[in-house]
Structures are given as C-alpha cells and as structure tokens.
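Have a look at the structure below before the remarks.
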Amino acid sequence: KSQNHADLAKKKIMYFNEFIRNRYHLQQPFNEEEQILILSRKSGVEQGFISKLLQVTGNWEQKNTVDRHELSELNIMIEEFYKKCK
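Take any residue in the sequence shown, note its place counting from 1, add 289, and you have its number in the working numbering.
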C-alpha cells in the first residue's frame, strides 16, 4: 500500500525553514544566491549542499504526493544539514 507522506514532508520543511529564520536571522526565500552564500558563511555548511537542499525543499513544498523513499531522502538531507551546521 502506498502512503502519501506529503503532509509530513511539508511539516519537516516548515520546521527547517523556521530553524533557518531563528538561528541565522534569514528571511525566505532562502534560495537566492546571496542568501545561500550568507547561510553558508553563518552555518559553516558548504554552499553547494545548501543549494541542493533548498532546491529539493522548494520543489517539495508544492508536491501533493510524497512516497516513503522521497521522505527518507528529504529527512537525510535535513538531518545532514543539522549535523554540519554551527
């Protein structure tokens, strides 16, 4: 049976965006090149990783269906950011 995990994915993204706003004092959209550079400097996370993560989260906010594998990939990327950030 295929489950739709879109709601959970959207909540994870919402919490991630809130983390960025609160910890680094950046406002959305985070996907602009200048903001990615600032976030990279403030967080200590590589700019390329942030770009990829923000591209993924931006695309998924619009999705209506997310399978378990996609949700797992999203979770791994967000958790990787949390581990790497300062």
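Cβ coordinates follow ideal geometry from the N, Cα and C atoms, glycine included. Only a predicted model underlies this, so the values are computations on that prediction, with no experimental measurement involved.
Environment of residue i [buried if 16+ CB atoms lie within 10 Å]
i: I325; result: buried
i: S361; result: exposed
i: K301; result: buried
i: I389; result: What the structure shows of the chain is the stretch from 290 to 375, and residue 389 is not part of that stretch, so it cannot be assessed.
i: H294; result: buried
From the options, residue whose alpha carbon lies closest to that of residue i
i: L311; options: V355, L343 and K331; result: Sequence inspection shows Asn at residue 311; the Leu mentioned does not correspond to that position. Comparing Cα-Cα distances from N311 to each of V355, L343 and K331, the minimum goes to K331.
i: F305; options: N353, T346, R357 and D356; result: T346
i: L342; options: S329, N293 and H294; result: S329
Coarse secondary structure for residue i, derived from DSSP in three states
i: D356; result: coil
i: Q344; result: helix
i: L315; result: coil
i: S361; result: helix
i: E322; result: helix
i: K372; result: helix
i: G337; result: helix
Heavy atom of the ligand PLP within 7 Å of residue i beta-carbon
i: N364; result: Ligands displayed in this structure: none; no statement on the ligand PLP is therefore possible.
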